[in-house]
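**Student:** I'd like to ask you about the structure that follows.
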Amino acid sequence: MNKTIRRASVLTLLLVLALLIRATWVQFYEGRALADDSDNRRNAIETYAEPLGNIIVAGESITGSARTKGGDLAYKRTYENGPLYAAVTGYASQAYAPTQLEGVYQDLLNGTDPRLKTVMDTVTDRRAEPGDVVTTIDPAVQKAAYEALGDKKGAAVAIDPGTGRILAAVSTPSYDPASLTDANTAGEAWKELTADPDKPLTNRALRRPLPPGSTFKLVVAAAALEDGLYGSVDEKTDSPDPYTLPGTVTDLTNENPDAPCEDASLRVALQYSCNNVFAKTAVTLGQDKVRAMAEKFGFNDETQDVPVRAYTSVYPSDMVPSQTALTGIGQFDVTATPLQMAMVSAAIANGGELVSPHMVSRVTDSGGDVLEEYEDGAGAERIVSASTAEQLQSAMETVVEEGTGSNARMSGATVGGKTGTAQHGENNSETPYAWFTSYAKSDSSDQEVAVAVVVEQSDAARSEVSGNGLAAPVAEAAMEAALRD
Numbered sequence: 000m001n002k003t004i005r006r007a008s009v010l011t012l013l014l015v016l017a018l019l020i021r022a023t024w025v026q027f028y029e030g031r032a033l034a035d036d037s038d039n040r041r042n043a044i045e046t047y048a049e050p051l052g053n054i055i056v057a058g059e060s061i062t063g064s065a066r067t068k069g070g071d072l073a074y075k076r077t078y079e080n081g082p083l084y085a086a087v088t089g090y091a092s093q094a095y096a097p098t099q100l101e102g103v104y105q106d107l108l109n110g111t112d113p114r115l116k117t118v119m120d121t122v123t124d125r126r127a128e129p130g131d132v133v134t135t136i137d138p139a140v141q142k143a144a145y146e147a148l149g150d151k152k153g154a155a156v157a158i159d160p161g162t163g164r165i166l167a168a169v170s171t172p173s174y175d176p177a178s179l180t181d182a183n184t185a186g187e188a189w190k191e192l193t194a195d196p197d198k199p200l201t202n203r204a205l206r207r208p209l210p211p212g213s214t215f216k217l218v219v220a221a222a223a224l225e226d227g228l229y230g231s232v233d234e235k236t237d238s239p240d241p242y243t244l245p246g247t248v249t250d251l252t253n254e255n256p257d258a259p260c261e262d263a264s265l266r267v268a269l270q271y272s273c274n275n276v277f278a279k280t281a282v283t284l285g286q287d288k289v290r291a292m293a294e295k296f297g298f299n300d301e302t303q304d305v306p307v308r309a310y311t312s313v314y315p316s317d318m319v320p321s322q323t324a325l326t327g328i329g330q331f332d333v334t335a336t337p338l339q340m341a342m343v344s345a346a347i348a349n350g351g352e353l354v355s356p357h358m359v360s361r362v363t364d365s366g367g368d369v370l371e372e373y374e375d376g377a378g379a380e381r382i383v384s385a386s387t388a389e390q391l392q393s394a395m396e397t398v399v400e401e402g403t404g405s406n407a408r409m410s411g412a413t414v415g416g417k418t419g420t421a422q423h424g425e426n427n428s429e430t431p432y433a434w435f436t437s438y439a440k441s442d443s444s445d446q447e448v449a450v451a452v453v454v455e456q457s458d459a460a461r462s463e464v465s466g467n468g469l470a471a472p473v474a475e476a477a478m479e480a481a482l483r484d
């Protein structure tokens, strides 16, 4: 054979082998990646070829599917009371990746979850009938909190302390998830929503940690009692007023200059929200002890799933004493979500035990058979002793009955709470954040609820911004709805 022909033949053979190897690699190794690629149109066609499964609240579907007109996507997602439940459902869109429960349970809701397949589905390689997600949300509590927030920018979370069930998760301003479902119209809606300075797509209930202000004083009080720094909430503290931040010449004052904050007990300090007491207490305990207590309540937990992943609430480290002092009043680099502050009140109300919060009760197949269940009361962990919890409850009830939380009072229930007004912006140049965290226990039944509310912005004058004025009425509305027979 001619030498040139032989070389050409070898080269051709090598090229054929290379093509075979590449084809095999694409078929068996890259095939799944290509199939799962978000830009693969066939995925959207398959997902929306049939109606999706539903998200359930109190036995009723708050989602649905509607037949489309024309195009290759046969169905689109629909929502009942979309803005009311947007912080719970998120959206399932023909154009964008799903969020919140729609995202967490995407495979279940579109029928691709392996747990849904029957023997016949496996034989025919047919997509299974989709399943449903049954939530713990109480529609009355959700609606009460949503309406009470109104046109304020803020959020509210309500939890059953004994079971961990999330009864409400509200974020305002909200948006209608239905505006994002249709690929033909979603783009324009997306532009409007993402350009909105109020950021309606942000889930403020679970995913927007902010300085918690004086509501964090509950954590510091718990650390002081558990450490034995103070024997009870009624023991006087060694707290000068004003308190000079360590290593500085800066005096930390109190909002009410006439409040009896000098050497005040923890009860009085919570009642009047005395900054000097809790800043001094945080420094005396030291940042490590305060952080340890904060982490028991859930701070610094990077895997807080409910099952939507909540943003981490933070208690910082590596601070100088003056910074530790500021963390004692929920400032410096302390941040918390409304979920986190609701967990603080829930643990105190539950005798010192924190139950894992969850907003899904169970997931089922199309026939209603349970595939996965979230047990009420699961993951209970003792945060503080029953004695400490009892004392903190007593002090929080004083806050509502005689202190700064008067707007949370309810007939027929025992209410405990803590207000907070957190600084915002450099040198507190922006409108402060108004907080309230609380619990209520029915006087006639075993019903109880814990609620946290934050109001980022409202039409109130700056001088009128307070946890009691803006946030406590929202909490009261949610608590009343939760305890209503």
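Its first residue numbered 0, the sequence shown is counted upward by one per residue in numbering that gives the first Met the number 0.
No residue lacks a Cβ here, since even glycine has one placed at the ideal position from N, Cα and C.
(1) Enumerated in chain order, which unbroken segments of the beta strand (DSSP E) with a length of 3 residues or greater are wholly contained in the segment 284-319?
(2) Determine the closest residue to residue 303 out of 422, 206 and 83, with distance taken between C-alpha atoms.
(3) Locate the alpha helix (DSSP H) running through residue 266, then write down its first and last residues.
(4) At the level of alpha carbons, what is the spacing between residue 314 and residue 212?
(5) In the DSSP output, what is residue 74 paired with across the bridge?
(6) Looking only at its chain, what residues have a beta carbon closer than 6 Å to the beta carbon of residue 33, apart from the 5 residues adjacent to it on each side?
(7) In the DSSP assignment, find the unbroken alpha helix (DSSP H) run with residue 195 in it and report its ends.
(8) Do the CB positions of residue 131 and residue 363 come within less than 7 Å of each other?
(9) Relative to the C-alpha of residue 412, which candidate in 435, 443, 387 and 434 has its C-alpha closest?
(10) Return the bridge partner residues of residue 60 from the DSSP annotation.
(11) Cutting at 6 Å between CB atoms, please list the residues of its own chain near residue 133, excluding the five before and the five after it.
(12) Residue 30: buried (16+ other C-beta within 10 angstroms of its C-beta) or exposed?
(13) Indicate whether residue 47 and residue 73 have their beta-carbon atoms separated by less than 7 Å.
(14) Under the rule that 16 or more other beta-carbon atoms within 10 Å means buried, what is residue 523, buried or exposed?
(15) Run through DSSP, which three-state label would residue 33 get?
(16) Determine whether the beta carbon atoms of residue 438 and residue 324 lie at a separation below 7 Å.
(17) Can you tell me the Cα-Cα spacing of residue 192 and residue 430, whole angstroms?
(18) In three-state terms, what does DSSP make of residue 399?
(19) Can residue 90 and residue 101 be called in contact, C-beta distance under 7 Å?
(20) Evaluate residue 287 with the Cβ neighbour count: other Cβ atoms within 10 Å of its Cβ, from every protein chain shown; 16 or more gives buried, anything less gives exposed.
(21) The beta strand (DSSP E) with residue 442 in it runs from where to where?
(22) Indicate whether residue 328 and residue 278 have their beta-carbon atoms separated by less than 7 Å.
(23) Rounded to whole angstroms, what's the CA-CA distance from residue 448 to residue 468? Just pull it up for me.
(24) Tell me the residue span of the beta strand (DSSP E) that contains residue 507.
(25) Which residues does DSSP pair with residue 153 in a beta bridge?
(26) Taking buried to mean at least 16 other C-beta atoms within 10 Å of its own C-beta, is residue 450 buried or exposed?
(27) Using only the alpha-carbon positions, how far apart do residue 388 and residue 352 sit?
(28) Just to confirm before moving on: does the CB-CB distance between residue 237 and residue 243 stay below 7 Å?
(29) Would you say residue 162 reaches chain C, if we count a Cβ-Cβ gap shorter than 7 Å as a contact?
(30) Could you check if residue 91 belongs to the surroundings of the ligand FAD, using beta carbon to heavy atom distance under 6 Å?
(31) Could you spell out where the beta strand (DSSP E) holding residue 360 opens and where it closes?
(32) Do the segment 151-166 and the segment 374-384 meet, that is, are 3 or more Cβ pairs less than 8 Å apart?
(33) Since I believe residue 473 is in contact with residue 204 (beta carbons under 8 Å), could you give me their beta-carbon distance rounded to a whole number of angstroms?
(34) Looking at C-alpha atoms only, which residue of 200, 233 and 8 is the closest neighbour of residue 87?
**Tutor:** Checking against the coordinates, here is how it stands:
(1) none
(2) Here residue 303 refers to the residue found at position 304 of the sequence shown. Nearest C-alpha to residue 303: 206.
(3) Taking the sequence shown and counting its residues from 1, the one referred to as residue 266 is at position 267. Its alpha helix (DSSP H) spans residues 265-271.
(4) In the sequence shown, the residue the question calls residue 314 occupies position 315. In the sequence shown, the residue the question calls residue 212 occupies position 213. The straight-line gap from Cα to Cα measures roughly 12 Å.
(5) On the sequence shown, position 75 is the one that residue 74 refers to. Answer is 66, bridged to residue 74.
(6) Working through the sequence shown from its first residue, we reach residue 33 at position 34. Its pLDDT being 42, under 50, residue 33 is placed unreliably by the model, and the measurement read from it follows with that caveat. There are no such residues.
(7) Within the sequence shown, the letter at position 196 stands for residue 195. Segment: none, residue 195 is in no alpha helix (DSSP H) and carries neither H nor E.
(8) Locating residue 131 in the sequence shown gives position 132, counting from the first residue. Locating residue 363 in the sequence shown gives position 364, counting from the first residue. Contact flag set, yes.
(9) Numbered from 1 along the sequence shown, position 413 holds the residue referred to as residue 412. If we check each option's Cα against that of residue 412, 443 comes out closest.
(10) Sequence index remark: in the sequence shown, residue 60 carries index 61 (1-based). According to DSSP, residue 60 bridges with 55.
(11) Translated into the one-based positions of the sequence shown, residue 133 becomes position 134. Closer than 6 Å at Cβ, skipping near neighbours: 55, 360 and 361.
(12) Mapped onto the sequence shown, residue 30 falls at position 31. A caution first: residue 30 carries a pLDDT of 47, below 50, which makes its placement in the model unreliable, though a value can still be read off. Classification of residue 30: exposed, given that the 10 Å Cβ count is below 16.
(13) Taking the sequence shown and counting its residues from 1, the one referred to as residue 47 is at position 48. Taking the sequence shown and counting its residues from 1, the one referred to as residue 73 is at position 74. In contact: residue 47 and residue 73 (Cβ atoms closer than 7 Å).
(14) Only positions 0 to 484 of the chain appear in the structure, and residue 523 is not among them; the question remains open.
(15) Here residue 33 corresponds to residue number 34 of the sequence shown, with the count starting at 1. Bear in mind that a pLDDT of 42 at residue 33, under 50, signals an unreliable position, so the model cannot answer this.
(16) Against the sequence shown, residue 438 aligns to sequence position 439. Against the sequence shown, residue 324 aligns to sequence position 325. Not in contact: residue 438 and residue 324 (Cβ atoms no closer than 7 Å).
(17) As a position in the sequence shown, residue 192 is number 193, starting the count at 1. As a position in the sequence shown, residue 430 is number 431, starting the count at 1. Taking the straight line from one Cα to the other gives about 23 Å.
(18) As a position in the sequence shown, residue 399 is number 400, starting the count at 1. In this structure, residue 399 counts as helix in the three-state DSSP scheme.
(19) Here residue 90 refers to the residue found at position 91 when the sequence shown is read from its first residue. Here residue 101 refers to the residue found at position 102 when the sequence shown is read from its first residue. Contact: yes.
(20) On the sequence shown, residue 287 is found 288 positions in, with the first residue counted as 1. With fewer than 16 other Cβ atoms within 10 Å, it is exposed.
(21) One-based indexing of the sequence shown puts residue 442 at position 443. Note, residue 442: premise wrong, no beta strand (DSSP E); not H, not E.
(22) Along the sequence shown, read from residue 1 onward, the residue named residue 328 stands at position 329. Along the sequence shown, read from residue 1 onward, the residue named residue 278 stands at position 279. Their beta carbons are under 7 Å apart, which means residue 328 touches residue 278 by this criterion.
(23) Within the sequence shown, numbered from 1, the residue matching residue 448 stands at position 449. Within the sequence shown, numbered from 1, the residue matching residue 468 stands at position 469. For residue 448 and residue 468, the distance between alpha carbons rounds to 21 Å.
(24) The structure shown does not extend to residue 507, since the chain is modelled only from 0 to 484, so the question has no answer here.
(25) Here the question's residue 153 lines up with position 154 in the sequence shown. In DSSP, residue 153 forms a bridge with 171 and 454.
(26) Sequence index remark: in the sequence shown, residue 450 carries index 451 (1-based). It counts as buried.
(27) To locate residue 388, count along the sequence shown from 1; it is residue 389. To locate residue 352, count along the sequence shown from 1; it is residue 353. Each residue's Cα considered, the two are about 9 Å apart.
(28) The sequence position of residue 237 within the sequence shown is 238, counting from 1. The sequence position of residue 243 within the sequence shown is 244, counting from 1. Not in contact: residue 237 and residue 243 (Cβ atoms no closer than 7 Å).
(29) As a matter of chain content, chain C is missing from the structure shown, which is built from one protein chain.
(30) What this structure holds is no ligand at all, so the ligand FAD is not there to describe.
(31) Here residue 360 corresponds to residue number 361 of the sequence shown, with the count starting at 1. 359-363 is the span of the beta strand (DSSP E), which, as asked, contains residue 360.
(32) yes
(33) Mapped onto the sequence shown, residue 204 falls at position 205. Mapped onto the sequence shown, residue 473 falls at position 474. At roughly 12 Å, the Cβ-Cβ gap does not stay under 8 Å, so residue 204 and residue 473 are not in contact.
(34) In the sequence shown, residue 87 corresponds to position 88, counting from 1. Of 200, 233 and 8, the residue nearest in Cα terms is 200.
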